[in-house]
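Count the sequence shown with the numbering used here and you get residues 3 to 815, in order.
All residues carry an ideal CB built from backbone N, CA and C; glycine is no exception.
No experiment lies behind these values; they were computed from the predicted model shown.
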Amino acid sequence: MSPKLKSLTIKNFRSIHGQIVVPLDAQVILVHGANGMGKTSILSALELGLTGRIAHLENKSSYRDFLTNFAAHSGSIELVAEHLPQYQGNGKGSLTFSPEVFESNPVLSSSYASFFSERCFLPQGVLGRLLEIYDEQSSNTNSRLTQFVKELLRLDPLDALAEGLSHAFNITRVRKIAPAYKQLEALLENYESQASRLQENIDSAFGAINTRLTRLNDMLSSLTGQPSKLEMGLSVITLRKQLADGQSDEKKLSEAVQNKSQVASLITRLTKLGEESADADIAEKERAEAQLSAEFESWFNGPGSQIGQAVTDLRPYNSELSTSDSDLATVMDEALHWCKSEISRCNRVLEQHTDSNEKLITAQGVVQRASTRIREINELLAAGAIDARTLANALAGIAPHVEANLCPVCSRDYSEVHTQPLTTHIAATIANLTSEAGRLQSLAAERAAENERLTIAQRDLVVAERGTLDSDSVLVWRQRLSTVTSINGRLAELQIESIKGRQIGTALANARREVSEIRKAIHSSATLLPEIQMIVERITKLPTTNFPTLQEGLREAEVIILNRISEIEARLTLRVSLASELDQYERELELHTNRKEQQQKVRSKSDVIKKTMREVGEVRDTAKLVAAAASGVRSGIVRDVFSGSLNTIWRDLFVRLAPSEQFIPQFQLPPHDDGKVEAVLETLHKSGLAGGAPGTMLSQGNLNTAALTLFLALNLSVPSQLPWLVLDDPVQSMDDLHVAQFAALLRTLSKGLGKQLIVAVHERALFDYLTLELSPAFAGDSLVTVEISRNFQGETIADPRFFEFEVDKAVVT
Numbered sequence: 003m004s005p006k007l008k009s010l011t012i013k014n015f016r017s018i019h020g021q022i023v024v025p026l027d028a029q030v031i032l033v034h035g036a037n038g039m040g041k042t043s044i045l046s047a048l049e050l051g052l053t054g055r056i057a058h059l060e061n062k063s064s065y066r067d068f069l070t071n072f073a074a075h076s077g078s079i080e081l082v083a084e085h086l087p088q089y090q091g092n093g094k095g096s097l098t099f100s101p102e103v104f105e106s107n108p109v110l111s112s113s114y115a116s117f118f119s120e121r122c123f124l125p126q127g128v129l130g131r132l133l134e135i136y137d138e139q140s141s142n143t144n145s146r147l148t149q150f151v152k153e154l155l156r157l158d159p160l161d162a163l164a165e166g167l168s169h170a171f172n173i174t175r176v177r178k179i180a181p182a183y184k185q186l187e188a189l190l191e192n193y194e195s196q197a198s199r200l201q202e203n204i205d206s207a208f209g210a211i212n213t214r215l216t217r218l219n220d221m222l223s224s225l226t227g228q229p230s231k232l233e234m235g236l237s238v239i240t241l242r243k244q245l246a247d248g249q250s251d252e253k254k255l256s257e258a259v260q261n262k263s264q265v266a267s268l269i270t271r272l273t274k275l276g277e278e279s280a281d282a283d284i285a286e287k288e289r290a291e292a293q294l295s296a297e298f299e300s301w302f303n304g305p306g307s308q309i310g311q312a313v314t315d316l317r318p319y320n321s322e323l324s325t326s327d328s329d330l331a332t333v334m335d336e337a338l339h340w341c342k343s344e345i346s347r348c349n350r351v352l353e354q355h356t357d358s359n360e361k362l363i364t365a366q367g368v369v370q371r372a373s374t375r376i377r378e379i380n381e382l383l384a385a386g387a388i389d390a391r392t393l394a395n396a397l398a399g400i401a402p403h404v405e406a407n408l409c410p411v412c413s414r415d416y417s418e419v420h421t422q423p424l425t426t427h428i429a430a431t432i433a434n435l436t437s438e439a440g441r442l443q444s445l446a447a448e449r450a451a452e453n454e455r456l457t458i459a460q461r462d463l464v465v466a467e468r469g470t471l472d473s474d475s476v477l478v479w480r481q482r483l484s485t486v487t488s489i490n491g492r493l494a495e496l497q498i499e500s501i502k503g504r505q506i507g508t509a510l511a512n513a514r515r516e517v518s519e520i521r522k523a524i525h526s527s528a529t530l531l532p533e534i535q536m537i538v539e540r541i542t543k544l545p546t547t548n549f550p551t552l553q554e555g556l557r558e559a560e561v562i563i564l565n566r567i568s569e570i571e572a573r574l575t576l577r578v579s580l581a582s583e584l585d586q587y588e589r590e591l592e593l594h595t596n597r598k599e600q601q602q603k604v605r606s607k608s609d610v611i612k613k614t615m616r617e618v619g620e621v622r623d624t625a626k627l628v629a630a631a632a633s634g635v636r637s638g639i640v641r642d643v644f645s646g647s648l649n650t651i652w653r654d655l656f657v658r659l660a661p662s663e664q665f666i667p668q669f670q671l672p673p674h675d676d677g678k679v680e681a682v683l684e685t686l687h688k689s690g691l692a693g694g695a696p697g698t699m700l701s702q703g704n705l706n707t708a709a710l711t712l713f714l715a716l717n718l719s720v721p722s723q724l725p726w727l728v729l730d731d732p733v734q735s736m737d738d739l740h741v742a743q744f745a746a747l748l749r750t751l752s753k754g755l756g757k758q759l760i761v762a763v764h765e766r767a768l769f770d771y772l773t774l775e776l777s778p779a780f781a782g783d784s785l786v787t788v789e790i791s792r793n794f795q796g797e798t799i800a801d802p803r804f805f806e807f808e809v810d811k812a813v814v815t
């Protein structure tokens, strides 16, 4: 079955706010909406879901930064297709985006994605580009039409090949693009002088080799004690092996140095042993150690025990105290430091509690007094006039209008009620009301002040309650303070004793170390004599009894060792010098050999260069042939496509949509001697006569028709890889006849060629007409129309309608 698009889900993409689902499960899908509603956004979302990009915007930087609707933070696109072969892609594509993120998993593979963008989708931007090409007058190799043709036919590789090989036609260009060619020409002249200089180097190296051989023979004779006759061509490996066989000197030198060190050590030990009386000192040191040990044990069982008990009593309050019994003084210093900081902390907590408690009592009194006064003021205000000042002002405004005793409000004679004049009564009432208003205003101000005092006191009350401890906590803190203070006092009284204990412990450790060293010296003296006898007899070959003292025997052995070391070092120095001379001989021999090889290479390079120059000429000839072949292939492609399939299909489509137009657009690609491609658009009259450029010969409506039919020709002129056609508002400046022909063409593409069509239009009349013309005409045919609009909240709404084929019962009857 043919691949088919099923559904498209869009969320917050460009002008689409919110989420919409566009059904695509039909042979024809018509999308309608006013300008700005999101028709182009739907088709761009379809291209993104299929290819992962918007092809006609790729050259415009950062278009991905503006894919998200401005009213949202992120968006997504999901596209579902069916019956899609695995080599073309997968059946579901998705894409998520935001101003910071762009992640795509398109439906189509890269090659089919390019085919869709170039041959199956006509966005408004590409249609506009085609119209601009028609209006352009230039027809050179850099015109937009020529570039469009090259992109269409993939001529860039052939152009690059022909352009790159054009340098082969001129030797000056060859030297410019290949500097090595000119260098070869210069090298050919230079090699003879190099050969002469190399011969001089060979003669010099041969003389140095003979001098080196003379020195090697002299040194080898001194080393072996026999005459040496080394000659050029000697085996360096054999001579080095002979030198390596004499490595016993290194071993002898190592033994001699070791013997020298051992004799020097024995002399030092013998001298030191004679200066010390270890047996006399050991008894005195041991007595001192025993006395110090008894003193330390007495201190440890007395003051030390008290210090340990105090630290033990303190450990429930600080479990991190050290537990070392051997250094109670250090533990005591740590405990005293902690006690001091803990006593300060307890005092701060209790002082804060006392201060907060006092503030709490004060705040409670202020709250009580302020609340009582506010109630009293409220009662006084409730008993007073509600608005005495306003009433007094009103009466003062009426007073000037009183005539005699007649009331201006009720027109009643006041003398009937009272003997006092009405004006006097009004003046007295105004005075009373004014006095009452002043008193009420004063009470209101006092109430505001009391309310502020109450608020401040309530805030202070909350703060004080937070800093106040309950009775159990106060008791715990006071008990902790009392206990820690008591232990701190006990430790302070024992601080002098702890210093004394530390001093006794230090003296005891020093005494024990001295006793240990003396015992080691006594043991060493017992083993010293056998060692001296053994090394003296081994080196001098004489017993120690032949020498007046052991010291003289060791001195004689030391002299013999030093002489032996000097002799061995002289032989080793000669071996090193001989190895160095041998290295120099190898380097000089290698230099002589290299110079001879270089001379041979220089003599052969002139022949190589000549051969290379001949090969360069052959390559130039081949390049000329390839360049000519590339130009021929390019011309063949252009001629076959534009004079054949593309121009033919374009002409048929244009004539079908604009049958009354006398001038038909087509491509003219004239060949040139230099192989350049220059694309030219022209028109051809139905009589066969040539016309002008399309922009001058066709109306605006037919220009739109020409652009549209060119895109359709591009799709139909190649084997169909994807059965989809997507058109974004293709009908522009067309009259009713063009529209009718366009609808018939769409019907042919859909129902005759099996293309799945997706068309977006903005005109209601055109949308209704296409809905009627493209409605299902046979079983299995289908149509979906989608209306795009927005609700009152600004969210996009997609309203689909599904049309299936129904048998006309009246016709059947």
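Enclosing beta strand (DSSP E) for residue 543 [first to last residue]
Counting along the chain, residue 543 falls outside any beta strand (DSSP E), and DSSP gives it neither H nor E.
Residue 635 to residue 83 span [Cα, whole Å]:
39 Å
Continuous beta strand (DSSP E) assignments of at least 3 residues falling wholly in the region 81 to 109
For secondary structure counted as the beta strand (DSSP E) over 3 or more consecutive residues, the region 81 to 109 holds these complete runs in sequence order: 94 to 99, 104 to 107.
Quick check on residue 228: does DSSP put it in helix, strand or coil?
coil
Can you find the residues in the same chain that come closer than 7 Å, C-beta to C-beta, to residue 38, ignoring five residues on each side of it along the sequence?
17, listed in sequence order.
Thinking just about the alpha-carbon of each residue, which of 800, 781, 783, 796 is nearest to the one in residue 790?
800
Opposing strand residues paired with residue 13 [DSSP bridges]:
21, 78
Please report the straight-line C-alpha distance between residue 361 and residue 469, rounded to a whole angstrom.
10 Å
Can you tell which of 476, 751, 310 has the C-alpha that lies nearest to the C-alpha of residue 353?
Of 476, 751, 310, the residue nearest in Cα terms is 476.
Is it right to say residue 159 is buried, meaning 16 or more other beta carbons lie within 10 angstroms of its own, or is it exposed?
So residue 159 ends up on the exposed side.
Who are the Cβ neighbours of residue 580 in its own chain at under 8 Å, not counting the five residues just before and after it?
So the list reads 218, 221, 222, 225, 245, once near-sequence residues are dropped.
Quick check on residue 582 - is its C-beta less than 9 Å from some C-beta in chain D?
Among the chains of the structure shown, chain D does not appear; only one protein chain is present.
According to DSSP, is residue 795 helix, strand or coil?
coil
Starting from residue 657, follow the alpha helix (DSSP H) in both directions and report where the run begins and ends.
648 to 659
Taking C-alpha atoms, which residue in 299, 459, 30, 565 lies nearest to residue 363?
459
Of the residues 208, 168, 88, the one placed nearest residue 594, counting alpha carbons only
208
Residue 659 versus 559, 289, 212, 703, residue with shortest Cα-Cα distance:
Here the closest residue by C-alpha is 703.
Residue 816 vs residue 787 beta-carbon contact at 9 Å:
This structure does not reach residue 816, given that the chain is present from 3 up to 815, and the question cannot be answered.
Return the CA-CA distance between residue 613 and residue 627, expressed in angstroms with no decimal places.
22 Å
What three-state label does DSSP hand residue 758 in the structure shown?
Of the three classes helix, strand and coil, the one that applies to residue 758 here is strand, per DSSP.
Residue 123 beta carbon less than 9 Å from that of residue 57:
yes
Close beta carbons around residue 311, own chain, < 6 Å, minus the five adjacent residues each side:
Excluding residues within five positions, none has a Cβ falling inside 6 Å.
Pick from 344, 291, 294, 727 that is closest to residue 316, judged by C-alpha positions
Closest option to residue 316, Cα to Cα, is 344.
How do the region 686 to 705 and the region 659 to 669 stand: do at least 3 beta-carbon pairs fall below 8 Å, yes or no?
yes
Are there three or more Cβ pairs, one per stretch, closer than 8 Å when the region 744 to 764 is compared with the region 728 to 735?
yes
Excluding five sequence neighbours on each side, which residues of the same chain lie with their C-beta closer than 8 Å to the C-beta of residue 204?
These residues qualify, in order along the chain: 594, 597, 598, 601.
Going straight from the alpha carbon of residue 489 to that of residue 465, what length do you get?
Rounded to whole angstroms, residue 489 to residue 465 spans 35 Å at the Cα level.
When the Cβ atoms of the region 443 to 463 are set against those of the region 295 to 309, are three or more pairs found closer than 8 Å?
no
Leaving aside the five residues before and after residue 707 along the sequence, list all residues of the same chain whose C-beta is less than 7 Å from its C-beta, in chain order.
656, 659, 660, 736, 740
Nearest-angstrom Cβ-Cβ length linking residue 348 and residue 482, presumed shorter than 8 Å
6 Å
Measuring CB atoms only, is the region 184 to 200 touching the region 582 to 590, in the sense that at least three cross pairs come out at less than 8 Å?
no
Under the rule that 16 or more other beta-carbon atoms within 10 Å means buried, what is residue 30, buried or exposed?
buried
Under DSSP, the beta strand (DSSP E) around residue 729 begins and ends at which residues?
726 to 730
Tell me the residue span of the alpha helix (DSSP H) that contains residue 125.
Note, residue 125: premise wrong, no alpha helix (DSSP H); not H, not E.
What does residue 786 pair with, by DSSP beta-bridge criteria?
31, 804
Could you please give me the residues that DSSP links to residue 687 through a beta bridge?
665
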